[in-house]
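Everything in the sequence shown is counted per full-length UniProt numbering, starting at 1 for the first residue and increasing by one.
Since the structure comes first, as structure tokens, the remarks are kept for the end.
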Amino acid sequence: LGAAVPLLQRVALSRATRQALRRDREPLTRIREQIVRLKPEVEAAPARLERFRPRTIFSVVALSFAAYIVIPQVTSLDVGYLAATASWHWVVAALGAAALSYVAAALMLMGFVPERLPLGRTVLVQVAASFVKLVAPAAVGGVAVNTRYLQRSGVRPTLAVASVGASQLVGMVTHILLLVLFGFLTGSSTKATQDLAPSRTIVIAVLALGLVAGLALTVPRVRRVVTARLKSMFSGVVPRLVDVLQSPKKLFTGMGGTLLLTLAFVLCLDASIRSFGGSLPWTTVVLVFLTANAVGSAAPTPGGLGAVEGALTLALTISGLSAETATSAVLLYRLFTLWLPVLPGWGAFAYLQRKESL
Numbered sequence: 001l002g003a004a005v006p007l008l009q010r011v012a013l014s015r016a017t018r019q020a021l022r023r024d025r026e027p028l029t030r031i032r033e034q035i036v037r038l039k040p041e042v043e044a045a046p047a048r049l050e051r052f053r054p055r056t057i058f059s060v061v062a063l064s065f066a067a068y069i070v071i072p073q074v075t076s077l078d079v080g081y082l083a084a085t086a087s088w089h090w091v092v093a094a095l096g097a098a099a100l101s102y103v104a105a106a107l108m109l110m111g112f113v114p115e116r117l118p119l120g121r122t123v124l125v126q127v128a129a130s131f132v133k134l135v136a137p138a139a140v141g142g143v144a145v146n147t148r149y150l151q152r153s154g155v156r157p158t159l160a161v162a163s164v165g166a167s168q169l170v171g172m173v174t175h176i177l178l179l180v181l182f183g184f185l186t187g188s189s190t191k192a193t194q195d196l197a198p199s200r201t202i203v204i205a206v207l208a209l210g211l212v213a214g215l216a217l218t219v220p221r222v223r224r225v226v227t228a229r230l231k232s233m234f235s236g237v238v239p240r241l242v243d244v245l246q247s248p249k250k251l252f253t254g255m256g257g258t259l260l261l262t263l264a265f266v267l268c269l270d271a272s273i274r275s276f277g278g279s280l281p282w283t284t285v286v287l288v289f290l291t292a293n294a295v296g297s298a299a300p301t302p303g304g305l306g307a308v309e310g311a312l313t314l315a316l317t318i319s320g321l322s323a324e325t326a327t328s329a330v331l332l333y334r335l336f337t338l339w340l341p342v343l344p345g346w347g348a349f350a351y352l353q354r355k356e357s358l
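This is the structure:
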């Protein structure tokens, strides 16, 4: 009887009993007090009881939403054609490169956190983030998961946000520098990809987007939201970067992870192209990936869905691949980097929640 005291709560009772207690809540309290009086040594603190924990509800809803997005995409693939025409050693290479990206993302995060983080668990967090990205815009899901992970690892909330902001800022700057560098190298070394240089249509589109963004920022409410988001993401970034700069090992880990992440995705894309008999110069593949990744990060769709596929296919076609080869390569690349990790990501997410790491 004494063991039941912590469980004497309305949430543990039947619906009829709960309805009766709405009229008079005293009986439950009196029963608990009477048992404690008879057995003073029993544990009287109420146990934590929940019919559905919020994180369980989120996990189920997120998995359902991910399935809603992924299943139509996967079922639309001509799996028979892909299997019959693909070179399997390149397919395995693409899969290995995609797996390497999770290690790279973990190293990138660990490098910008002065506190010690276990590599295995941090890699698992990146796998979980691949699932969350399907239920949130590409630039949001990973940030939220990494911030939560750092807080659960003992990093204070403000420092956790600053660490993730530092890694995002360095990643963004590195991405821009690589885009400029390989854009110059590609445009100056190959004739086929000179068509990727800004045309009048692209320039007009970019200017139009810039004009729309500028007009949106003139609205006080939009400006406040954007400013608040930037402040929350990058506040305290500079002190965090100073802490990292004081440790050459951390700096090497962070920058190495940042470059390795780009390299892993480029290797995956290049192997996907070669799986269907295509071949492009290395600099061109890098430029195509960097451009499509920028488009995907800006797209409001989960995981950059639709925007990345369109940008990759268009860029590869312009670069000299046939439309059939480009489409097949993009489908294989997205299969390994977006669709295939959904179930492992959900499993990692649920496991980390049970271990209270998220």
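Think of the CB as a built atom: it goes at the ideal place given N, C-alpha and C, for glycine as much as any other residue.
None of the values given here were measured: they were computed from a predicted structure.
| Asked | Found |
| --- | --- |
| Contiguous alpha helix (DSSP H) assignments of at least 4 residues, all confined to the stretch 99-132 | 119-132 |
| Under the three-state DSSP convention, the category G183 falls into | helix |
| Residue span of the alpha helix (DSSP H) that contains Q353, given as start and end | 342-354 |
| Straight-line gap, G165 to V143 (C-alpha atoms, nearest Å) | 8 Å |
| Cβ shell of L179 (< 8 Å), same chain only, five flanking positions each side left out | L287, L290, T291, A294 |
| Spatial distance of L119 from H89 (CA atoms) | 29 Å |
| Residues of its chain near L267, where Cβ-Cβ distance is below 7 Å and the 5 sequence neighbours each way are ignored | A97 |
| Short Cβ contact (9 Å threshold) for L352 with L124 | yes |
| C-beta atoms of A105 and L312 nearer than 9 Å | no |
| Length of the line joining the Cα atoms of D270 and A99 | 15 Å |
| Nearest candidate by alpha-carbon position, reference A160, set E309, F112, E324 | F112 |
| Residue from G257, A315, G171, V170 whose Cα sits closest to the Cα of Y102 | G257 |
| G277 in three-state terms, based on DSSP | coil |
| Beta carbon of S247 nearer than 9 Å to that of A329 | no |
| Any non-hydrogen atom of the ligand ZN closer than 8 Å to A166 Cβ | No copy of the ligand ZN occurs in the structure displayed, which carries no ligand at all. |
| 8 Å contact criterion, which P114 and V244 should meet: CB distance rounded | 7 Å |
| Inter-residue spacing [alpha-carbon to alpha-carbon] between S322 and V127 | 33 Å |
| Exposure label - L332; buried when at least 16 CB within 10 Å | buried |
| Residues near V308 by beta carbon distance below 6 Å, same chain, minus five either side | A292, G296 |
| Test item: CB-CB of V155 and A129 under 9 Å | no |
| Collapsed DSSP secondary structure at A86 in the structure displayed | coil |
| As assigned by DSSP and simplified to three states, the class of T218 | coil |
| Endpoints, the alpha helix (DSSP H) within which R334 is located | 323-334 |
| Assigned exposure category for E356 - 16 Cβ within 10 Å defines buried | exposed |
| Distance, H175 Cα to L185 Cα | 15 Å |
| Three-state secondary structure (DSSP) of G272 | Residue identity check: residue 272 is Ser in the sequence provided, not Gly. The answer is helix: DSSP assigns S272 an H, G or I state. |
| CB of L150 within 9 Å of CB of T253, strictly | no |
| Whether L251 touches S163 by CB criterion (9 Å) | no |
| Buried or exposed by the 16-neighbour rule on C-beta atoms within 10 Å, applied to A94 | buried |
| Pair within 9 Å by beta-carbon distance, L316 and T325 | yes |
| Contact check, L215 vs V342, beta carbons under 9 Å | no |
| F182 versus R354 - alpha carbon distance | 44 Å |
| Q34 in three-state terms, based on DSSP | helix |
| Range of the contiguous alpha helix (DSSP H) that encloses T313 | 307-318 |
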